[in-house]
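All remarks here apply to the structure that follows.
Protein chains: 4
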Amino acid sequence: MRDIKLSSPTKSNILQSAISLFYDHGFDGTSVRDIANKAKVNPSNISYYFKGKQGLLETCFNRFFEEYLSFLEAEVHKLEHDSAADCLKRSVFNILHFQSENYLMARFVWREVSIDSQVIREIISSYLMKEKYYMKMLLEAGMSEQTLKKQPISFSIIQLKSMLTMPFLNSQQLREVWHVFPHENYFIEQYYRQIENWIDMLLVNEEVVSNGKLIVL
Amino acid sequence: MRDIKLSSPTKSNILQSAISLFYDHGFDGTSVRDIANKAKVNPSNISYYFKGKQGLLETCFNRFFEEYLSFLEAEVHKLEHDSAADCLKRSVFNILHFQSENYLMARFVWREVSIDSQVIREIISSYLMKEKYYMKMLLEAGMSEQTLKKQPISFSIIQLKSMLTMPFLNSQQLREVWHVFPHENYFIEQYYRQIENWIDMLLVNEEVVSNGKLIVL
Amino acid sequence: MRDIKLSSPTKSNILQSAISLFYDHGFDGTSVRDIANKAKVNPSNISYYFKGKQGLLETCFNRFFEEYLSFLEAEVHKLEHDSAADCLKRSVFNILHFQSENYLMARFVWREVSIDSQVIREIISSYLMKEKYYMKMLLEAGMSEQTLKKQPISFSIIQLKSMLTMPFLNSQQLREVWHVFPHENYFIEQYYRQIENWIDMLLVNEEVVSNGKLIVL
Amino acid sequence: MRDIKLSSPTKSNILQSAISLFYDHGFDGTSVRDIANKAKVNPSNISYYFKGKQGLLETCFNRFFEEYLSFLEAEVHKLEHDSAADCLKRSVFNILHFQSENYLMARFVWREVSIDSQVIREIISSYLMKEKYYMKMLLEAGMSEQTLKKQPISFSIIQLKSMLTMPFLNSQQLREVWHVFPHENYFIEQYYRQIENWIDMLLVNEEVVSNGKLIVL
DNA sequence: GATGAATGAGCATTCATTCAT
DNA sequence: GATGAATGAATGCTCATTCAT
Numbered sequence: 001m002r003d004i005k006l007s008s009p010t011k012s013n014i015l016q017s018a019i020s021l022f023y024d025h026g027f028d029g030t031s032v033r034d035i036a037n038k039a040k041v042n043p044s045n046i047s048y049y050f051k052g053k054q055g056l057l058e059t060c061f062n063r064f065f066e067e068y069l070s071f072l073e074a075e076v077h078k079l080e081h082d083s084a085a086d087c088l089k090r091s092v093f094n095i096l097h098f099q100s101e102n103y104l105m106a107r108f109v110w111r112e113v114s115i116d117s118q119v120i121r122e123i124i125s126s127y128l129m130k131e132k133y134y135m136k137m138l139l140e141a142g143m144s145e146q147t148l149k150k151q152p153i154s155f156s157i158i159q160l161k162s163m164l165t166m167p168f169l170n171s172q173q174l175r176e177v178w179h180v181f182p183h184e185n186y187f188i189e190q191y192y193r194q195i196e197n198w199i200d201m202l203l204v205n206e207e208v209v210s211n212g213k214l215i216v217l
Numbered sequence: 001m002r003d004i005k006l007s008s009p010t011k012s013n014i015l016q017s018a019i020s021l022f023y024d025h026g027f028d029g030t031s032v033r034d035i036a037n038k039a040k041v042n043p044s045n046i047s048y049y050f051k052g053k054q055g056l057l058e059t060c061f062n063r064f065f066e067e068y069l070s071f072l073e074a075e076v077h078k079l080e081h082d083s084a085a086d087c088l089k090r091s092v093f094n095i096l097h098f099q100s101e102n103y104l105m106a107r108f109v110w111r112e113v114s115i116d117s118q119v120i121r122e123i124i125s126s127y128l129m130k131e132k133y134y135m136k137m138l139l140e141a142g143m144s145e146q147t148l149k150k151q152p153i154s155f156s157i158i159q160l161k162s163m164l165t166m167p168f169l170n171s172q173q174l175r176e177v178w179h180v181f182p183h184e185n186y187f188i189e190q191y192y193r194q195i196e197n198w199i200d201m202l203l204v205n206e207e208v209v210s211n212g213k214l215i216v217l
Numbered sequence: 001m002r003d004i005k006l007s008s009p010t011k012s013n014i015l016q017s018a019i020s021l022f023y024d025h026g027f028d029g030t031s032v033r034d035i036a037n038k039a040k041v042n043p044s045n046i047s048y049y050f051k052g053k054q055g056l057l058e059t060c061f062n063r064f065f066e067e068y069l070s071f072l073e074a075e076v077h078k079l080e081h082d083s084a085a086d087c088l089k090r091s092v093f094n095i096l097h098f099q100s101e102n103y104l105m106a107r108f109v110w111r112e113v114s115i116d117s118q119v120i121r122e123i124i125s126s127y128l129m130k131e132k133y134y135m136k137m138l139l140e141a142g143m144s145e146q147t148l149k150k151q152p153i154s155f156s157i158i159q160l161k162s163m164l165t166m167p168f169l170n171s172q173q174l175r176e177v178w179h180v181f182p183h184e185n186y187f188i189e190q191y192y193r194q195i196e197n198w199i200d201m202l203l204v205n206e207e208v209v210s211n212g213k214l215i216v217l
Numbered sequence: 001m002r003d004i005k006l007s008s009p010t011k012s013n014i015l016q017s018a019i020s021l022f023y024d025h026g027f028d029g030t031s032v033r034d035i036a037n038k039a040k041v042n043p044s045n046i047s048y049y050f051k052g053k054q055g056l057l058e059t060c061f062n063r064f065f066e067e068y069l070s071f072l073e074a075e076v077h078k079l080e081h082d083s084a085a086d087c088l089k090r091s092v093f094n095i096l097h098f099q100s101e102n103y104l105m106a107r108f109v110w111r112e113v114s115i116d117s118q119v120i121r122e123i124i125s126s127y128l129m130k131e132k133y134y135m136k137m138l139l140e141a142g143m144s145e146q147t148l149k150k151q152p153i154s155f156s157i158i159q160l161k162s163m164l165t166m167p168f169l170n171s172q173q174l175r176e177v178w179h180v181f182p183h184e185n186y187f188i189e190q191y192y193r194q195i196e197n198w199i200d201m202l203l204v205n206e207e208v209v210s211n212g213k214l215i216v217l
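Residue numbers (full-length UniProt numbering), protein chains in the order written: chain A, 1 to 217; chain B, 1 to 217; chain C, 1 to 217; chain D, 1 to 217.
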């Protein structure tokens with residue numbers, strides 16, 4: 001067995017081209033030839049560097065989820081010294097920016113996650129369990145302080161995840177139909193405020209944010 | 001020359017199998033042979049009845065969007081006699097139930113919509129324009145009555161669409177990770193209430209819903 | 001076994017469409033669907049009336065060769081009372097006109113004859129033997145009177161057949177490159193004179209046609 | 001991206017098998033599987049080396065016409081120092097030998113030329129224009145010296161082309177019915193003399209060739 | 001007489017991958 | 001490290017034909 005360098009111009013070329021094509025046409029809609037052509041390398045290199053098309057997929061998923069989860073994990077660790085709401089908001093903020101900077105991967109990953117391929121299932125299942133664990137921690141921490149108890153936690157998380165992923169999944173639609181650009185800073189700032197509002201509504205019991213000013217009941 | 005019957009057991013067999021496989025493996029991940037095998041018919045029939053794999057796709061999209069949009073359109077027509085909030089809520093309610101009953105198509109369609117295929121683009125572009133138009137009508141009608149003006153309409157719609165589609169796109173995750181079942185009535189009822197809350201927050205200016213009871217500021 | 005009418009509007013429709021399509025795209029390049037579409041009938045009728053695509057081919061070949069050979073046969077019978085040269089010329093004249101009137105079939109048949117299909121071989125072999133027999137009769141009759149003996153008969157026939165079939169085989173080229181139209185009377189008249197000259201040269205020993213006037217050596 | 005070697009054993013294997021099968025069964029009557037089987041290679045290689053079945057066709061046509069036309073072009077260039085009759089005869093001689101050595105391609109090409117396929121039209125149209133130009137040059141050069149003016153040039157060329165191509169188009173018939181073998185030297189020598197006679201008759205005004213000896217009028 | 005449904009074999013092509021170099 | 005040749009399976013689709021109606 002030969003050892004393959006962790007990074008080489010050819011390898012990163014391939015990876016970048018793959019992400020771009022997966023973003024546009026999906027995993028099954030992209031052929032290794034397409035990737036090799038775009039990267040201007042020989043198709044054999046894909047097998048050489050990534051152990052096949054599937055390996056390419058795994059690399060993408062690992063890269064994405066490793067970083068994505070790190071933002072959640074970091075805030076879970078800060079729960080001891082900080083309010084849950086602040087931790088939650090900070091993780092939302094960081095995840096949004098991370099996805100904005102990696103919007104190609106974000107769309108591709110979240111789309112592919114919705115496919116029942118055994119391969120994908122195996123790659124992502126542990127990531128999704130971690131995601132669940134972290135999100136639950138953050139919300140439950142909040143609940144034991146001052147959150148609306150009545151709401152089942154799963155629903156909140158569904159809504160949160162919806163808001164976190166949707167702009168990237170439908171980036172093209174947003175661009176073409178709504179003239180809004182998910183990979184621009186301006187959008188992310190605005191959009192973050194939306195989720196912030198939602199968190200406030202969700203978490204706060206006695207206070208309400210209306211039109212940006214706090215109203216103490 | 002040849003006129004093909006609008007519906008026959010074989011044809012509906014194919015369609016149902018296709019939807020199920022597209023739901024699981026995506027359009028590109030499904031072969032016509034897979035579909036024919038599942039439907040227990042000859043692969044040629046797919047070309048015969050649907051003019052190829054692509055025709056199958058178009059049929060699915062048309063069926064889905066035609067009905068999906070009908071719920072929006074109907075409420076737009078009712079804007080004259082009814083409050084915008086009520087119309088919006090009713091369309092949300094109907095769409096959720098429609099998708100819950102057709103959760104296979106819903107996931108498949110919303111996933112595929114995020115793919116940059118010229119084919120798909122051509123099919124859906126006019127549907128998406130209609131969707132934009134109807135949603136805009138509903139929200140703007142509300143705004144001219146009592147809604148928060150400051151919020152750009154596009155952001156509200158992104159959020160609304162997120163909430164409308166996400167549970168179906170990630171149905172499998174919801175099932176496996178959160179033990180929540182988007183095609184069950186119980187889930188839909190609960191989930192509808194969530195969006196209802198969000199609409200209340202969005203539209204109402206002077207009133208706030210907290211814990212289910214109205215608080216007049 | 002049902003008896004099928006020798007001719008019906010549907011049947012002759014099919015035949016005509018088939019000839020036209022075989023003329024353009026060849027036998028293998030034409031599908032029964034193409035034929036049925038052009039004839040605006042159901043494809044099943046082709047099997048019904050002609051016992052399949054191959055039967056269509058046989059019908060065409062039989063029709064063509066039956067008539068084509070009749071012109072040769074007729075002149076062979078006239079050899080007793082008429083000069084061989086005159087008989088030969090008359091058969092050439094008649095064949096040219098026959099092919100001119102049926103130029104679609106002529107091109108199709110002569111092209112297909114050059115294909116090594118067992119099917120075609122079986123259909124045409126007896127026709128070609130008859131053709132050989134008649135042509136040989138005509139030329140040998142001439143030789144026993146006043147023809148150039150030295151020339152092997154096979155070469156003469158090759159040349160004669162070349163001249164008889166070429167304008168029809170390459171009709172489209174003639175039209176597009178040379179602006180000459182093999183199915184017009186004008187062309188046939190002119191072209192016939194060419195072959196007449198060639199026959200004169202071939203047969204006559206003591207006389208030579210130069211510039212149209214006879215020169216007695 | 002990928003550069004394919006101009007010739008490899010596999011590639012030439014494919015080409016040779018293809019020519020042989022096209023010769024026998026025509027282009028539409030031959031499948032890539034047939035070719036691959038005969039060449040004992042994998043069918044994929046045909047697409048790999050020739051960019052599909054059509055590419056194979058183009059390669060054949062280009063090879064044939066390039067060389068075929070070279071014989072005409074060469075003689076056109078010699079018109080300055082040589083008599084038109086000699087140039088014409090030499091080109092006929094060379095073309096006959098070329099076709100005799102490549103009788104498989106010759107039959108296939110001339111047969112396929114008579115098919116109205118857009119693909120074939122595009123490949124050959126420029127070749128046919130060149131052919132027309134060269135032949136016209138050769139005949140017109142002769143006319144401006146001592147040729148029969150009365151005869152329209154197009155008819156002469158039709159006859160010439162008939163004689164040049166017919167033995168190869170109908171090679172199989174010639175073999176089976178006339179026991180004459182177009183790819184044998186003996187036949188070509190004899191047949192060339194025939195055409196030589198025809199050229200003499202065509203070009204010479206004051207002299208006539210009868211029985212091989214010149215007769216000055 | 002004539003139709004549309006349905007079939008199974010076959011079509012050209014593309015796929016991801018392997019391997020010798 | 002990287003390439004091009006080569007493979008075998010799978011792709012979507014069209015084929016001529018049959019059959020019940």
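Cβ coordinates follow ideal geometry from the N, Cα and C atoms, glycine included.
(request) Please state whether DSSP places residue 223(C) in a helix, a strand or coil. (result) Chain C is shown only over 1 to 217; residue 223(C) falls outside these bounds and no answer can be derived.
(request) Starting from the Cα of T10(B), find the closest Cα among F64(B), F50(B), E196(B) and S100(B) and give me that residue. (result) On the second sequence, residue 10(B) is found 10 positions in, with the first residue counted as 1. The shortest C-alpha separation from T10(B) is found at F50(B).
(request) Taking only the alpha-carbon atoms, compute the straight-line gap between I124(A) and F64(A) and give it to the nearest angstrom. (result) Walking along the first sequence from the start, residue 124(A) turns up at place 124. Walking along the first sequence from the start, residue 64(A) turns up at place 64. For the pair I124(A) and F64(A), the Cα-to-Cα distance works out to about 11 Å.
(request) Over the uninterrupted alpha helix (DSSP H) stretch that includes K53(D), give me the two end residues. (result) Looking up residue 53(D) in the fourth sequence gives position 53. K53 to H77 is the span of the alpha helix (DSSP H), which, as asked, contains K53(D).
(message) Suppose the cutoff is 7 Å on Cβ atoms and the five residues either side in sequence are ignored; what does the same chain contact list for I195(D) look like?
(response) Along the fourth sequence, read from residue 1 onward, the residue named residue 195(D) stands at position 195. V92 and M163, listed in sequence order.
(message) Here's a check: name, in chain order, each residue in its chain whose Cβ is nearer than 7 Å to the Cβ of K78(B), leaving out the five neighbours to either side.
(response) Here residue 78(B) is taken as the residue at index 78 of the second sequence, counted from 1. Same-chain partners within the cutoff: C87.
(request) Measure from the C-beta of Y23(A) to each C-beta in chain B and report whether the shortest distance is under 9 Å. (result) Position 23 of the first sequence, counted from the start, is the residue given in the question as residue 23(A). True, the Cβ-Cβ gap to chain B drops below 9 Å.
(request) Measuring only between beta-carbons, confirm whether L96(A) sits less than 9 Å from chain B. (result) As a position in the first sequence, residue 96(A) is number 96, starting the count at 1. L96(A) does not count as touching chain B.
(request) Within its chain, find whatever has a CB closer than 6 Å to the CB of M137(D); leave out the 5 residues flanking it on each side and keep chain order. (result) Position 137 of the fourth sequence, counted from the first residue, corresponds to residue 137(D). Correct list, in chain order: V76.
(request) Give the DSSP-derived three-state secondary structure of L128(A) in the structure shown. (result) Here residue 128(A) refers to the residue found at position 128 when the first sequence is read from its first residue. Of the three classes helix, strand and coil, the one that applies to L128(A) here is helix, per DSSP.
(message) For I157(C) and E140(C), which I take to be in contact (beta-carbon distance under 8 Å), what is that distance rounded to the nearest angstrom?
(response) Looking up residue 157(C) in the third sequence gives position 157. Looking up residue 140(C) in the third sequence gives position 140. At roughly 11 Å, the Cβ-Cβ gap does not stay under 8 Å, so I157(C) and E140(C) are not in contact.
(message) Quick check on the DSSP output: the alpha helix (DSSP H) that includes H97(C) runs from which residue to which?
(response) Walking along the third sequence from the start, residue 97(C) turns up at place 97. A84 to E101 is the extent of the alpha helix (DSSP H) around H97(C).
(request) Please decide whether Y191(C) counts as near chain D, where near means a Cβ-Cβ distance under 9 Å. (result) Against the third sequence, residue 191(C) aligns to sequence position 191. Interface with chain D (9 Å Cβ-Cβ cutoff): Y191(C) is included.
(message) I want to verify the contact list: residues of chain B whose CB lies under 7 Å from the CB of R111(A), in sequence order.
(response) To locate residue 111(A), count along the first sequence from 1; it is residue 111. Per Cβ cutoff of 7 Å: R111 and S114.
(request) Pull up the distance between the alpha-carbon of F155(B) and that of K132(B), whole angstroms please. (result) Here the question's residue 155(B) lines up with position 155 in the second sequence. Here the question's residue 132(B) lines up with position 132 in the second sequence. Their backbone Cα atoms lie some 12 Å apart in a straight line.
(message) Suppose you measure from the CA of S17(D) to the CA of K161(C); what does that come to, to the nearest Å?
(response) Walking along the fourth sequence from the start, residue 17(D) turns up at place 17. Walking along the third sequence from the start, residue 161(C) turns up at place 161. If I take the Cα positions, the gap works out to 30 Å.
(message) Within a Cβ cutoff of 6 Å, which residues of the same chain sit near L135(B), ignoring the five residues on either side of it in sequence?
(response) As a first step, residue 135(B) must be located in the second sequence, where it is residue number 135. It is worth fixing the name first, because residue 135(B) is Met in this sequence and not Leu. Within the same chain, M135(B) has close Cβ partners I157.
(message) If you follow the alpha helix (DSSP H) that E176(D) is in, where does it begin and where does it stop?
(response) Indexing the fourth sequence from 1 puts residue 176(D) at position 176. Run containing E176(D): S171 to W178, per the alpha helix (DSSP H) assignment.
(message) Going by DSSP in three states, K213(A) sits in which element: helix, strand or coil?
(response) Numbered from 1 along the first sequence, position 213 holds the residue referred to as residue 213(A). With a pLDDT of 47 at K213(A), under the threshold of 50, the modelled position of that residue is not reliable, and no figure is offered here.
(message) Quick check: the Cα distance between H97(A) and T165(A), rounded to an integer number of angstroms?
(response) Residue 97(A) sits at position 97 when you count from the first residue of the first sequence. Residue 165(A) sits at position 165 when you count from the first residue of the first sequence. In a straight line, the C-alpha of H97(A) is about 12 Å away from that of T165(A).
(request) Mind checking the UniProt domain "HTH tetR-type" (8-68) of chain B against chain A and listing, in chain order, the residues whose C-beta falls within less than 9 Å of any C-beta there? (result) Y23, D24, H25, G26, F27, D28, G29 and T30
(message) Applying the 10 Å Cβ sphere with the 16-neighbour rule, what's the burial state of Q118(C)?
(response) As a working note, residue 118(C) is residue 118 in the third sequence. Looking at its Cβ environment, which holds fewer than 16 other Cβ atoms inside 10 Å, Q118(C) is exposed.
(message) Tell me which residues share the same chain as P167(D) and place their Cβ nearer than 7 Å to its Cβ, disregarding the 5 neighbours each side in the sequence.
(response) Locating residue 167(D) in the fourth sequence gives position 167, counting from the first residue. For P167(D), where only same-chain residues beyond five positions count, the Cβ hits under 7 Å are L174, P182 and Y191.
(message) Less than 9 Å between the beta carbons of A84(B) and M143(B), yes or no?
(response) By one-based count along the second sequence, residue 84(B) stands at place 84. By one-based count along the second sequence, residue 143(B) stands at place 143. Yes, they are a contact pair.
(message) Is H179(B) close to chain A? Criterion is C-beta to C-beta, closer than 9 Å.
(response) Working through the second sequence from its first residue, we reach residue 179(B) at position 179. The Cβ of H179(B) sits closer than 9 Å to at least one Cβ of chain A.
(message) Please report whether the beta-carbon of F71(C) lies at a distance below 9 Å from any beta-carbon of chain D.
(response) Here residue 71(C) refers to the residue found at position 71 when the third sequence is read from its first residue. Taking Cβ atoms only, chain D never reaches closer than 9 Å to F71(C), which makes this a no.
(request) Using three-state DSSP, classify Q16(C) as helix, strand or coil. (result) If you number the third sequence from 1, residue 16(C) lands on position 16. Three-state result, Q16(C): helix.
(request) Hey, could you find the ends of the alpha helix (DSSP H) V32(C) is sitting in? (result) For the purposes of this step, residue 32(C) is taken as the residue at position 32 of the third sequence. Run containing V32(C): V32 to A39, per the alpha helix (DSSP H) assignment.
(request) Check the C-beta distance from M105(C) over to I19(C) and give it rounded, since I have them as a contact under 8 Å. (result) Position 105 of the third sequence, counted from the first residue, corresponds to residue 105(C). Position 19 of the third sequence, counted from the first residue, corresponds to residue 19(C). Sure, about 6 Å apart at Cβ, within 8 Å.
(message) Relative to the C-alpha of C60(A), which candidate in D34(A), N45(A), V113(A) and K38(A) has its C-alpha closest?
(response) Walking along the first sequence from the start, residue 60(A) turns up at place 60. Of the candidates D34(A), N45(A), V113(A) and K38(A), the one whose C-alpha sits nearest the C-alpha of C60(A) is V113(A).
(message) Whole angstroms are fine: how far does the CA of V109(A) sit from the CA of I115(B)?
(response) As a first step, residue 115(B) is located in the second sequence; it is residue number 115 there, counting from the start. As a first step, residue 109(A) is located in the first sequence; it is residue number 109 there, counting from the start. One C-alpha to the other measures close to 12 Å.
(message) Considering only the alpha carbon of each residue, which of Q151(B), L21(B) and L56(B) lies closest to R107(B)?
(response) Here residue 107(B) refers to the residue found at position 107 when the second sequence is read from its first residue. Of Q151(B), L21(B) and L56(B), the residue nearest in Cα terms is L21(B).
(message) Using beta carbons (cut-off 9 Å, strictly below), is I199(C) in contact with chain D?
(response) On the third sequence, residue 199(C) is found 199 positions in, with the first residue counted as 1. It does not; no Cβ of chain D falls within 9 Å.
(request) Given a cut-off of 9 Å, decide if S100(C) and I188(C) are closer than it, judged by their beta-carbon atoms. (result) Counted from its first residue, the third sequence places residue 188(C) at position 188. Counted from its first residue, the third sequence places residue 100(C) at position 100. Yes, the Cβ-Cβ distance between I188(C) and S100(C) is below 9 Å.
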